[in-house]
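Trainee: Per my numbering, the very first residue in the sequence shown carries number 431; after that it's consecutive.
C-beta atoms are modelled at their ideal positions from N, C-alpha and C, and glycine is treated no differently.
Every value quoted in this text rests on a predicted model; they were computed, and no experiment measured them.
Please find one structure pasted underneath; my questions will follow.
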Amino acid sequence: MARRAPPNKGTGFDRAPPRAGRARPVGDLLPDVGGVAFRRFGFAQASLVTHWREIVGPVYAPWSVPEHLKFPRGQREGGLLTIRVEGPFASQMQHLEPQIIARANLLLGSDLVQRIRLIQGPVPRPQAGEPAPPAPGAPAATANLKGIADEELRAALERLAAALGSSKGPPRVR
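Structure below.
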């Protein structure tokens, strides 16, 4: 009859590895976890999703969402950003393509986005429990104008922000 091994011998549990360091705060671990999820769905940069409103502006943000960012094989620049757009906003966003590329690259810190592909489809709406994004308007826009020393220029920009904030929907092309 074969002899039995003593408990925990030969199973890999006989020696506990020494603890490598201290406990880490959960906030330090979340970017790693989120990064894996974003990479799995085509987003190497989570900031593209979280700052989408700043990239496309408050008028187009509710009607569009970035789908994925793909790069040529073996490269990390010259990517194709696919954006899902709802309704007639696709044709309007097509005219904003150079600005969207420039803002996305400014946010990401390099020339990661080279082209944009627009696909039409439904865009998810915020759930009932989620706070709605703030509406565009003069208070949010004028907060950035406090550093302008020229009074006339600041007043003109405040009037422009108020006019843009009071209009609803996308700007009209005349």
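The alpha helix (DSSP H) with residue 481 in it runs from where to where?
Mentor: That residue, residue 481, is in no alpha helix (DSSP H); it is neither H nor E in DSSP.
Trainee: Taking the beta carbon of residue 547 as the centre, do at least 16 other beta carbons fall within 10 Å, making it buried, or is it exposed?
Mentor: Around the beta carbon of residue 547, fewer than 16 other beta carbons lie within 10 angstroms, which makes this residue exposed.
Trainee: With a threshold of 16 other CB atoms inside 10 Å of the CB of residue 429, please say whether the residue is buried or exposed.
Mentor: Absent from the structure is residue 429, since the part of the chain shown begins at 431 and ends at 604.
Trainee: In its own chain, which residues sit with a C-beta less than 6 Å from the C-beta of residue 541, not counting the 5 before and 5 after it?
Mentor: 507, 535
Trainee: Going by DSSP, what residues sit across from residue 499 in a beta bridge?
Mentor: 511
Trainee: Please name the residue or residues paired with residue 548 in a DSSP beta bridge.
Mentor: Answer by DSSP bridge pairing, in chain order: 513.
Trainee: Cα separation between residue 450 and residue 476?
Mentor: 29 Å
Trainee: For residue 521, which three-state DSSP category applies?
Mentor: helix
Trainee: Excluding the 5 residues flanking residue 545 on each side, which residues of the same chain have their C-beta closer than 6 Å to its C-beta?
Mentor: Taken in chain order, the residues that qualify are 510.
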